[in-house]
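To convert, take the position in the sequence shown, counting from 1, and add 49; that gives our numbering. Note that CB positions come from ideal geometry on N, CA and C, so glycine has one too. Here the structure is a predicted model, which means the values were calculated and not measured.
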Amino acid sequence: MARISPLVALPPLAFAALAGLFLWGMGREDPTGLPSAMIGREAPPVPATTLPGKTPLTDEMLRRPGVKLVNFWASWCPPCRAEHPTLTELSARLPVYGIDLKDPEASALQFLAEDGDPFHALATDPRGRAAIDWGVTAPPETFILDGEGRVLYRHAGPLVREDYTNRFLPELEKALAADR
């Protein structure tokens with residue numbers, strides 16, 4: 050009678066463990082969501098630089114009464130271009146502030162000239178230092194801030210389709226209702 054090595058059981062056990070881990074991950078409330086350490090904290094400082102002819106974004110603007118958005122974007126970012134019409138619509142309802150991330154000045158100005166400028170004020174982050182302070186992983190990312198400049202919600206990715214209506218919009222409505 051041939052003896053079977055206990056090592057034969059290792060591959061099926063490893064597969065079962067991995068499958069269990071994947072099933073657990075798929076069952077989470079938002080498996081694509083990245084937690085943000087910024088939620089509930091005061092928004093980090095914004096860069097003092099802006100694009101020529103644009104209203105500079107200041108830290109004081111983030112602490113004005115009312116809900117506002119801060120959007121990290123870049124002209125070289127296709128998802129940023131996809132969400133641009135949504136930002137334009139939102140800017141009619143509330144202040145939308147932009148932070149242009151690692152973008153050549155001429156490209157950013159051309160993008161805003163061609164597609165419109167939804168931003169009430171703008172900062173530039175040519176080296177990505179502010180993005181690091183805010184915990185941005187990649188543009189676009191949008192933050193909902195309250196009237197005291199605290200971060201209420203962070204949305205990673207473009208504000209488009211179901212992601213916008215099912216994830217972002219309920220958080221925005223909740224923030225606006227709490228602000229009344």
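Check                                                                                                                                                                            : Outcome
Within the same chain, show all residues whose beta-carbon is closer than 8 Å to that of arginine 199, passing over the 5 residues directly before and after it, in chain order. : Gly89, Arg90, Glu91, Ala92
How long is the line joining the alpha carbons of alanine 226 and glycine 115, rounded to whole angstroms?                                                                       : 11 Å
What ranges does the alpha helix (DSSP H) occupy inside the stretch 137 to 190, keeping only unbroken runs of at least 4 residues that lie completely in it?                     : 154 to 164, 178 to 183
Starting from leucine 208, trace the alpha helix (DSSP H) in both directions and tell me its first and last residue.                                                             : Where leucine 208 is concerned, there is no enclosing alpha helix (DSSP H), given that its DSSP letter is neither H nor E.
Can you look up leucine 201 in the DSSP assignment and give me helix, strand or coil?                                                                                            : strand
Compute the Euclidean distance between the alpha carbons of proline 80 and leucine 56, then round it to the nearest angstrom.                                                    : Reliability of the predicted coordinates at proline 80 is poor, the pLDDT of 47 falling under 50, and the value obtained from them is presented with this limitation in mind. Cα to Cα, the separation comes out at about 34 Å.
Anyone know if the C-beta pair for aspartate 195 and aspartate 228 falls short of 8 Å?                                                                                           : yes
Is DSSP giving valine 119 helix, strand or coil here?                                                                                                                            : strand
Are the Cβ atoms of isoleucine 148 and alanine 187 separated by less than 8 Å?                                                                                                   : no
Could you tell me which residues DSSP pairs with proline 105 in its beta bridges?                                                                                                : Leu171
Can you tell me whether isoleucine 193 is buried or exposed? The criterion is at least 16 other CB atoms within 10 Å of its CB, across all chains shown.                         : buried
I'd like to know whether the C-beta atoms of proline 219 and glycine 206 end up nearer to each other than 8 Å.                                                                   : no
Taking alanine 141 as the reference, which of Glu109, Thr173, Asp166 has the closest Cα?                                                                                         : Asp166
Ordered along the chain, which non-local residues of its own chain (more than five positions away) have a Cβ less than 7 Å from that of valine 209?                              : Ala131, Glu132, Thr135
Just the C-alpha distance for proline 101 and phenylalanine 64, rounded to the nearest angstrom, thanks.                                                                         : 57 Å
Let me know if asparagine 215 comes out buried or exposed under the rule of 16 or more other beta-carbons within 10 Å of its beta-carbon.                                        : exposed
Ignore the nearest five residues each way along the sequence and tell me which others in aspartate 174's own chain have a CB closer than 6 Å to its CB.                          : Pro96, Ile148, Leu150, Ala180
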